[in-house]
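Data first, discussion second: the structure below is written as structure tokens.
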Amino acid sequence: MTVFIIVAIILTLASTAAIAWPLVFAKPAGKTSADDGDALATQLAEIERDRDYGLIDEPSAEDAIRQAAATATQVKPEPARAGKAGRGARLIAAFIIGAMPVGAAFLYLDIGAPYALSEAGRQAASTQAEDQAAENAAAIAAMAPDERAAIIERMVAGLADRLAGQPDDVDGWRMLGRSYAALGNFAQSTDAWREAASRSGEAEDLRELAAALLSDRDAEDNQVNAELNAVLEALLAGNENDPLALYFLGHAAAQNGDADTAVAYWTKLRASLPPDSPLTPKLDGLIADALPQAEAQDRP
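So that you can map any letter, position 126 of the sequence shown is 736 in our numbering, and since no number is skipped, the others follow by simple counting.
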């Protein structure tokens, strides 16, 4: 908090000084230069020299002197007006110096986040946001099913529109993937998880993408397409005991006629499961079915 306040004060003073400096130190308008008298004296001396050398006659010299004197005394602002202009600029500068920090402070209080300057303020804001979210969720849950579905669909559509302009928001893609899955839109959920996984490369996002690809097909369909196979391979590269990867890569090997590899994947998965796992009987059956073909492949 202290650092923020110090930086804010420095920036405010710097911007105030940048605006006020020209007003405070500007040369008052209409003030004659101290060199004007020197310039006239130089001109008169040159005229006298030309007359002494016979370069100009007496009438011409007299005309030149009158011309120089007239030029040096042409319309000069009154000193009093020049002084008033200088005082006016200084009054404006004083007003700016006083008003800008006050205006900046009120502007921050109005549209900024002053609560974030303290830990208590941040906690209070977080609690308020959570309470508001809970109230919104309760209000949506109390609606009729068709009204609730319409609101959720509008919220999901709004999230999708936002992500179109902010495609690097990985958390947003994750939320969109879960939202589409909750609505039963598995194809769109898969698209969202593709975006999340491609940007993060994290194992959990890859696993969610694999689950989405599996959900977008019949429950009894164990076929592993090229995209799903690539995702499972990436999961296995990050964790050699990943259960989802071992199970379905076993199916991928079996469908490609590689029973030996299928048995190896399923055997490794079975060894990592607890004894009472409901998946154990399923794996025992798969291994038993694949063993004859695996043994035949091993025979010369």
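Every residue gets a Cβ at the ideal spot worked out from N, C-alpha and C, and that includes glycine.
Check: With S789 and V766 assumed to form a contact (beta carbons below 8 Å), what rounded beta-carbon distance in angstroms separates them?; Outcome: 5 Å
Check: Using a Cβ-Cβ distance cut-off of 8 Å, determine whether D781 contacts chain B.; Outcome: Annotation note: the requested chain B is absent from the structure, which comprises a single protein chain.
Check: Where are the beta strand (DSSP E) runs, 3 residues long or more, that stay fully inside the region 800-833, in chain order?; Outcome: none
Check: Should R817 go down as buried or exposed, given a rule of 16 or more other Cβ atoms within 10 Å for buried?; Outcome: buried
Check: Assign L883 to buried or exposed, taking buried as 16 or more other Cβ atoms, counted over all protein chains shown, within 10 Å of its Cβ.; Outcome: exposed
Check: Identify the continuous alpha helix (DSSP H) that holds A847 and give its terminal residues.; Outcome: A836 to G848
Check: From which residue to which residue does the alpha helix (DSSP H) around M753 run?; Outcome: Segment: none, M753 is in no alpha helix (DSSP H) and carries neither H nor E.
Check: Within the same chain, show all residues whose beta-carbon is closer than 6 Å to that of A690, passing over the 5 residues directly before and after it, in chain order.; Outcome: Only weak support exists for where A690 lies, its pLDDT of 47 falling under 50; the value from the coordinates is given anyway. Excluding residues within five positions, none has a Cβ falling inside 6 Å.
Check: Have a look at L845 and I762 and give me their C-alpha separation to the nearest angstrom.; Outcome: 32 Å
Check: Do the CB positions of L842 and A872 come within less than 8 Å of each other?; Outcome: no
Check: Classify G811: buried if its beta carbon has 16 or more other beta carbons within 10 angstroms, exposed otherwise.; Outcome: exposed
Check: Rounded to whole angstroms, what is the Cα-Cα separation between E837 and Q907?; Outcome: 27 Å
Check: Taking only three categories from DSSP, how would you classify D894?; Outcome: helix
Check: Whole angstroms is fine: what's the gap from A862's alpha carbon to Q833's?; Outcome: 7 Å
Check: List the whole-angstrom C-beta distance separating W876 from L854, where the pair is believed to meet the contact cut-off of C-beta under 8 Å.; Outcome: In fact, because the Cβ distance is near 13 Å, the residues do not count as touching under 8 Å.
Check: In the structure shown, what three-state DSSP assignment does S670 receive?; Outcome: helix
Check: In whole angstroms, what is the alpha-carbon distance linking D870 and P885?; Outcome: 24 Å
Check: Just confirm the distance between the C-beta atoms of A806 and R827, as a whole number of angstroms; I'd bet it's less than 8 Å.; Outcome: Going by Cβ atoms, the distance from A806 to R827 rounds to 20 Å, so no, they are not a contact pair.
Check: Rounding to the nearest angstrom, what Cα-Cα distance links A897 and Q865 in this structure?; Outcome: Looking at the sequence itself, residue 897 is Ile, so the reference to Ala does not match. Distance between the alpha carbons of I897 and Q865 is about 14 Å.
Check: What first and last residue would you give for the alpha helix (DSSP H) that runs through G787?; Outcome: V780 to A792
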